[in-house]
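Enquirer: My questions will all concern the structure given below.
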Amino acid sequence: MKIGALEAGGTKMVCAIGDENGKIEKRVSFPTQTPKETLPQILEFFVNEEIAALGIGCFGPVELDRRSPVYGYITSTPKLAWANYDIVGKFEEALNVPVGFDTDVNGAALGEVFFGAARGCDPAIYITIGTGVGVGIYVNGTLLHGLIHPEAGHILITRRHGDTYRGKCPYHENCLEGLAAGPAIMERWGKPAAELTDRKEVWELESDYLAQAVANYILTLSPQKVILGGGVMHQEQMFALVRKKVQEKLNSYLQNDRIAEHIEEYIVPPALGDNAGITGALLLGWQEFERVTTLK
Ligand code: ADP
Ligand code: ZN
């Protein structure tokens, strides 16, 4: 089945055509400007493709409650041109196909569960450490929503003694995103994260904060697999550091071989690499097509 996928990010919009097996036929990307500038570009890509459905993995916060009058909206984003924006409605109207919708990280989690490193794993979590930090959660065969949806990138972290950096999040002085996302690394150390590879102290601190969060996610959600993605995790040395610190922080309390003996198979990079999100968006489109068809 021919499906459209949109990974709507704060910096770019990735558009693809593919199928429910995760095969991507073609893809393009556009910088995220205002809806007025960006929407026509996206629509032009999809409009003559005769897709059966579209899936959108979207930056948030978004409204995922189907009972809400603003279901399918981007809600209170700091990217003001997109605040209170009916993104699902716009695409339904313009393309006249079912539109599946979830957060970008839930989309990526779905992609990894179907075709990537988390196949057969339930629960499974996908954490992205990029411009922000987000966590997608797959549990009991579905993506976790709730009151709003998980915003686990903003969990509060114990600051390391001597870390005087004030944090980048306008809401929390010591949340994970504010202390450890790419822009926080850049502001704390004065250089983009990609140029700090040789600075051991950078990754020592970064992995400590990330390991605190991962330990808390493991204690709370009991995931069968933990996937760490996003630009900052291109620093591959981070994996060994995070795994070791997670073991230290859990301190043998959780007695399980996956943590004690095989943690390198438990905390892993996305098998789909940077395609996790767009593959997940294809699946969101396919799931919505199936849902709508079953209702008929
Ligand atoms: P986004 O979160 O905007 O979707 P990314 O996941 O690519 O995009 O994250 C971008 C962030 O990742 C930037 O803050 C950038 O500094 C950081 N980043 C990108 N490449 C690297 C790298 N090789 N090493 C460390 N950080 C990187
Ligand atoms: Zn925060």
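Numbering (this note's numbering), first residue to last: 104 to 399. Note that beta-carbon positions come from the ideal geometry of N, C-alpha and C, so glycine has one too.
1. Measuring only the C-alpha atoms, how far is V200 from E152?
2. Any chance the region 109–117 sits against the region 153–161, with 3 or more Cβ pairs inside 8 angstroms?
3. So within the region 313–375, which uninterrupted alpha helix (DSSP H) runs reach at least 4 residues, ignoring any that extend past its ends?
4. Does the structure place the region 382–395 close enough to the region 189–209 that three or more beta carbon pairs sit under 8 angstroms?
5. Given this structure, state the Cα-to-Cα distance separating C272 from T180, to the nearest angstrom.
6. Smallest Cα separation from G121: which of V150, I154 and I232?
7. What are the boundary residues of the beta strand (DSSP E) that P134 is part of?
8. According to DSSP, which residues form a beta bridge with E110?
9. Across which residues does DSSP place I260 in a beta bridge pair?
10. Do you know offhand how far E147's Cα is from K129's?
11. If you measure from the CB of G233, is any heavy atom of the ligand ZN nearer than 6 angstroms?
12. Would you say G175 touches the ligand ZN, meaning its beta carbon is less than 6 angstroms from a heavy atom?
13. Beta carbon of C278, beta carbon of H257: below 7 angstroms?
14. Would you list the one or two residues that DSSP bridges to T231?
15. Examine the ligand ADP and report whether any of its heavy atoms sits within less than 6 angstroms of the Cβ of P431.
16. Which of helix, strand or coil does DSSP assign to V202?
17. Would you call the CB atoms of G383 and L213 closer than 7 angstroms?
18. Does the beta-carbon distance from G192 to G175 come in below 7 angstroms?
19. Using a 10 Å radius around the Cβ and a threshold of 16 neighbouring Cβ atoms, would you call S310 buried or exposed?
20. Start and end of the alpha helix (DSSP H) containing N378?
21. Could you check where the alpha helix (DSSP H) with L213 kicks off and where it finishes?
22. Judging by CA-CA distance, which residue of A184, A156, K182 and N209 is the nearest neighbour of E195?
23. Counting C-beta neighbours from all protein chains within 10 Å, is the total for G333 16 or more, i.e. buried, or is it exposed?
24. At a cut of 8 angstroms, does the region 284–296 reach the region 313–332 through at least three beta carbon pairs?
25. Between H252 and the rest of its own chain, which residues show a CB-CB distance below 6 angstroms, the 5 nearest in sequence each way excluded?
Expert: With the structure as the only source:
1. Here residue 200 corresponds to residue number 97 of the sequence shown, with the count starting at 1. Here residue 152 corresponds to residue number 49 of the sequence shown, with the count starting at 1. Their backbone Cα atoms lie some 12 angstroms apart in a straight line.
2. Short answer: they touch.
3. DSSP runs (the alpha helix (DSSP H)) wholly in the region 313–375: 340–353, 360–363 and 366–369.
4. By the criterion of at least three beta-carbon pairs nearer than 8 angstroms, the region 189–209 is in contact with the region 382–395.
5. Counting from 1 along the sequence shown, the entry for residue 272 is found at position 169. Counting from 1 along the sequence shown, the entry for residue 180 is found at position 77. Rounded to whole angstroms, the gap between the alpha carbons of C272 and T180 is 13 angstroms.
6. Within the sequence shown, numbered from 1, the residue matching residue 121 stands at position 18. Among V150, I154 and I232, the Cα nearest to that of G121 is on I154.
7. Here residue 134 corresponds to residue number 31 of the sequence shown, with the count starting at 1. Taken as a continuous stretch (DSSP letters only), the beta strand (DSSP E) holding P134 covers I127 to P134.
8. Here the question's residue 110 lines up with position 7 in the sequence shown. Answer is V117 and G160.
9. Locating residue 260 in the sequence shown gives position 157, where the first residue counts as 1. None; I260 has no bridge partner.
10. The sequence position of residue 147 within the sequence shown is 44, counting from 1. The sequence position of residue 129 within the sequence shown is 26, counting from 1. Distance between the alpha carbons of E147 and K129: 14 angstroms.
11. Taking the first residue of the sequence shown as 1, we reach residue 233 at position 130. With a cutoff of 6 angstroms, G233 does not count as near the ligand ZN, since its C-beta is closer than that to no heavy atom of the ligand.
12. Your numbering for residue 175 matches position 72 in the sequence shown. It does not: the Cβ of G175 is nowhere closer than 6 angstroms to a heavy atom of the ligand ZN.
13. Residue numbering aside, residue 278 sits at position 175 when the sequence shown is read from its first letter. Residue numbering aside, residue 257 sits at position 154 when the sequence shown is read from its first letter. Judged by beta-carbon spacing, H257 lies within the 7 angstroms limit of C278, meaning their Cβ atoms are closer than that value.
14. The residue given as residue 231 occupies position 128 in the sequence shown. T231 is bridged by DSSP to G237 and G332.
15. As shown, the chain starts at 104 and ends at 399. That puts residue 431 outside it, with no answer to give.
16. The count along the sequence shown starts at 1 and reaches residue 202 at position 99. Assignment of V202 by DSSP, reduced to helix, strand and coil, places it in the strand class.
17. Numbered from its first residue, the sequence shown carries residue 383 at position 280. Numbered from its first residue, the sequence shown carries residue 213 at position 110. Result yes, Cβ atoms of G383 and L213 sit closer than 7 angstroms.
18. Here the question's residue 192 lines up with position 89 in the sequence shown. Here the question's residue 175 lines up with position 72 in the sequence shown. Cβ atoms of G192 and G175: closer than 7 angstroms.
19. Residue mapping note: residue 310 aligns to position 207 of the sequence shown, counting from 1. A residue is called buried once 16 or more other Cβ atoms fall within 10 Å of its Cβ, and S310 is buried on that count.
20. By one-based count along the sequence shown, residue 378 stands at place 275. Neither: N378 is in no alpha helix (DSSP H) and is coded neither H nor E.
21. In the sequence shown, counting from the first residue as 1, residue 213 sits at position 110. Here the alpha helix (DSSP H) through L213 covers D207 to F218.
22. Within the sequence shown, numbered from 1, the residue matching residue 195 stands at position 92. Nearest option by C-alpha distance: A156.
23. Translated into positions along the sequence shown, residue 333 becomes position 230. Around the beta carbon of G333, 16 or more other beta carbons sit within 10 angstroms, so the residue counts as buried.
24. The region 284–296 vs the region 313–332: no contact.
25. In the sequence shown, the residue the question calls residue 252 occupies position 149. Here the set comprises L167 and T206.
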